[in-house]
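> In short: position in the first sequence from 1, add 533, done, that's my numbering.
C-beta: ideal position from N, C-alpha, C; glycine also.
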Amino acid sequence: MSIATDQPMATTMANTSAPVPNSIPPNHTLYVNNLNAKIKKQQLRKSLYNLFVSYGRIHAVVAMKGVKMRGQAFIVFDDIQNATSALRSLQSLMFYGKPMRLSYAKRDSDAIRNSKEQIAEKTAALAAMSQPEPKPRKEKPRIPPPPSQPPPDRTVHEQHIAMMNSEEVNRAANAVAMAEAELQELPLRDRTRRIQSIIAAQTTMIGTAVPMMTEVQSNSTLFVTNLPPETTKDALEMLFRQFSGYLDVRLVPGREGIAFIDFDNDAGAASARDALNGFKISATNAISIVHFFLSIAYPMNTLESQNNRQSEELAAKVSRLKHIAFDIENETKEHNRFLENMRFDMSTARSFLGGSTRHLSNVMSSGRGDRRAMCYIAGAIILAFLFLYYVVSSFRTK
DNA sequence: AGCACA
Numbered sequence: 534m535s536i537a538t539d540q541p542m543a544t545t546m547a548n549t550s551a552p553v554p555n556s557i558p559p560n561h562t563l564y565v566n567n568l569n570a571k572i573k574k575q576q577l578r579k580s581l582y583n584l585f586v587s588y589g590r591i592h593a594v595v596a597m598k599g600v601k602m603r604g605q606a607f608i609v610f611d612d613i614q615n616a617t618s619a620l621r622s623l624q625s626l627m628f629y630g631k632p633m634r635l636s637y638a639k640r641d642s643d644a645i646r647n648s649k650e651q652i653a654e655k656t657a658a659l660a661a662m663s664q665p666e667p668k669p670r671k672e673k674p675r676i677p678p679p680p681s682q683p684p685p686d687r688t689v690h691e692q693h694i695a696m697m698n699s700e701e702v703n704r705a706a707n708a709v710a711m712a713e714a715e716l717q718e719l720p721l722r723d724r725t726r727r728i729q730s731i732i733a734a735q736t737t738m739i740g741t742a743v744p745m746m747t748e749v750q751s752n753s754t755l756f757v758t759n760l761p762p763e764t765t766k767d768a769l770e771m772l773f774r775q776f777s778g779y780l781d782v783r784l785v786p787g788r789e790g791i792a793f794i795d796f797d798n799d800a801g802a803a804s805a806r807d808a809l810n811g812f813k814i815s816a817t818n819a820i821s822i823v824h825f826f827l828s829i830a831y832p833m834n835t836l837e838s839q840n841n842r843q844s845e846e847l848a849a850k851v852s853r854l855k856h857i858a859f860d861i862e863n864e865t866k867e868h869n870r871f872l873e874n875m876r877f878d879m880s881t882a883r884s885f886l887g888g889s890t891r892h893l894s895n896v897m898s899s900g901r902g903d904r905r906a907m908c909y910i911a912g913a914i915i916l917a918f919l920f921l922y923y924v925v926s927s928f929r930t931k
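(1) Which term fits residue 560, buried or exposed, when burial requires 16 or more other beta carbons within 10 angstroms of its beta carbon?
(2) Going by alpha carbons, who is nearest to residue 649 out of 580, 613, 776?
(3) From residue 594 to residue 645, what does the alpha carbon distance come to, in whole angstroms?
(4) In its own chain, which residues sit with a C-beta less than 6 angstroms from the C-beta of residue 966, not counting the 5 before and 5 after it?
(5) Just to confirm the assignment, what range does the alpha helix (DSSP H) spanning residue 618 have?
(6) Suppose you measure from the CA of residue 627 to the CA of residue 608; what does that come to, to the nearest Å?
(7) Go ahead and label residue 562 buried or exposed: buried means 16 or more other beta carbons lie within 10 angstroms of its beta carbon, across all protein chains shown.
(8) Measure the alpha-carbon distance for residue 744 versus residue 620 and round it to whole angstroms.
(9) Candidates 780, 788, 773, 752: which alpha carbon is nearest residue 763's?
(10) State the Cα-Cα distance for the pair residue 611 and residue 778, rounded to the nearest angstrom.
(11) Is the beta carbon of residue 813 closer than 7 angstroms to that of residue 784?
(12) When DSSP builds the beta bridges, which residues end up paired with residue 805?
(13) Please list, in chain order, all residues of the same chain as residue 774 whose beta carbon is under 8 angstroms from its beta carbon, the five residues on each side excluded.
(14) Would residue 635 and residue 606 be called neighbours here (beta carbons separated by less than 7 angstroms)?
(15) Can you tell me where the beta strand (DSSP E) with residue 590 in it begins and where it stops?
(16) Short of 6 angstroms in beta carbon distance, which residues of its chain neighbour residue 795, apart from the five on each side in sequence? Order them along the chain.
(17) Start and end of the alpha helix (DSSP H) containing residue 581?
(18) On the DSSP letters alone, give me the boundaries of the beta strand (DSSP E) that residue 562 sits inside.
(19) Give me, in chain order, the residues of the same chain whose beta-carbon lies closer than 6 angstroms to that of residue 573; leave out the 5 immediate sequence neighbours on both sides.
(20) Taking 7 angstroms as the cut-off, decide whether the C-beta atoms of residue 583 and residue 631 are in contact.
(21) When you compare only the Cα positions, how much space is there between residue 642 and residue 797?
(22) Can you tell me which of 815, 786, 556 puts its alpha carbon nearest to the alpha carbon of residue 639?
(23) Hey, how far is the Cα of residue 656 from the Cα of residue 662?
(24) Taking DSSP as the reference, what is the three-state secondary structure of residue 944?
(25) Tell me which residues share the same chain as residue 790 and place their Cβ nearer than 7 angstroms to its Cβ, disregarding the 5 neighbours each side in the sequence.
(26) Using 7 angstroms as the threshold, is the C-beta distance between residue 629 and residue 569 below it?
(27) Give me the Cβ distance between residue 792 and residue 769, rounded to the nearest whole Å; I'm assuming they're in contact under 8 angstroms.
(28) Mind checking who residue 754 pairs with in its DSSP beta bridge?
(29) Here's the rule I'm using: 16 or more other beta-carbon atoms within 10 Å means buried, otherwise exposed. How should residue 599 be labelled?
(30) Spatial neighbours of residue 616 within its chain, please: CB distance less than 8 angstroms, with the 5 preceding and 5 following residues excluded, ordered by chain position.
(31) Which residue comes first and which comes last in the beta strand (DSSP E) that contains residue 635?
(32) Report buried or exposed for residue 659, applying the criterion of at least 16 other Cβ atoms within 10 angstroms of its Cβ.
(33) Would you mind sorting residue 653 into buried or exposed? The rule is 16 or more other CB atoms within 10 Å of its CB.
(34) Measuring only the C-alpha atoms, how far is residue 625 from residue 601?
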């Protein structure tokens, strides 16, 4: 399938370990040159971000259009180690048709300089205030050692909990939280990749799984395809109204063969889907029903992980998360298959969203002020829109 | 090739 993205084809990885002779010491910021100067600044920044962010949190991507600065960019990492691993793995990567050249920046980026200053100020202030100087610890071990008097038989759970409360896990959880915000802005397909790389990165970073909770948000609208052209709204109504929470059938004016079925709850939609997917609505047509799912992963509150039972579930949660990531991918592919055969335009996308937006206005006007529900619905609408827009634009630019 | 950020 041909998908248009703003991502350049990342073809040959000519990386290996051939570090360019490099006199510049490691830096938070990578200097990139030999970039394709034809790419527009915004897109370039976005693509660079998407490429480099797998190696760690990125503070900024700077690219400039001027004669002197074209073809170059700066990637500001929060962490030097991450900058280093990006430098090593992406060196000479074909990017928009040209092998990019990476080195450390000669000077610190302003943002880094500032935060270094702030840290220096704080430690100076601390030193001035406190008379017993804090012992300068050297090189913190990956997993904090047990307290000086290790209780003879710490249970596995207790060790686990101690680790969960470690600074490293907190940082990892933080990284995941940042990533979550970023995920919201990515099309579904890219979210899968990001979720996987976040898990991988955090897992290697702390040597164990980050405690994550996942929330699968289903959607109370079903997408039905392969309907015979003469299908009427009444016929579909007959079929679907037996399921609890049924609200409405929406045919798409000007488009044969598809329909949207709204429910007032996810579970009703799911049970209708399970019952009717593949249903032979006529001698020749077995209908196919797609239920769009959205999922969000977020770090578990590390305080909550003090609870033993929850800490037992961590591993299971993470593996479930991985499965969900794969599921999203599969579903996305499946959707694309459906949609590739159709002229799926914006009015169709809007029609799909019609139900959701109505739910939103219902919630808003009900005056119950359920913030949480509103956020979810609004978020789901945005994600759904992004996904649909992505699908639509992939036809446009074919 | 070219090292900036307001």
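The structure says:
(1) buried
(2) 613
(3) 13 angstroms
(4) No statement about residue 966 is possible, as the shown extent of the chain runs from 534 to 931 and does not include it.
(5) 613–623
(6) 17 angstroms
(7) buried
(8) Because the pLDDT of residue 744 is 47, which lies under 50, any placement of that residue in the model is unreliable, and the number read from its coordinates should be weighed accordingly. Their Cα atoms are separated by approximately 29 angstroms.
(9) 788
(10) 48 angstroms
(11) no
(12) Paired residue(s): none; residue 805 is not in a bridge.
(13) none
(14) no
(15) Premise fails: residue 590 is in no beta strand (DSSP E) and is neither H nor E.
(16) 754, 780, 781, 888
(17) 574–585
(18) 562–566
(19) none
(20) no
(21) 51 angstroms
(22) 556
(23) 10 angstroms
(24) Any answer about residue 944 is impossible in this case: the structure gives the chain only from 534 up to 931.
(25) 758, 759, 760, 762
(26) yes
(27) 6 angstroms
(28) 795
(29) exposed
(30) 559, 560, 561, 562, 563, 588, 589, 608, 610, 637
(31) 634–637
(32) exposed
(33) exposed
(34) 22 angstroms
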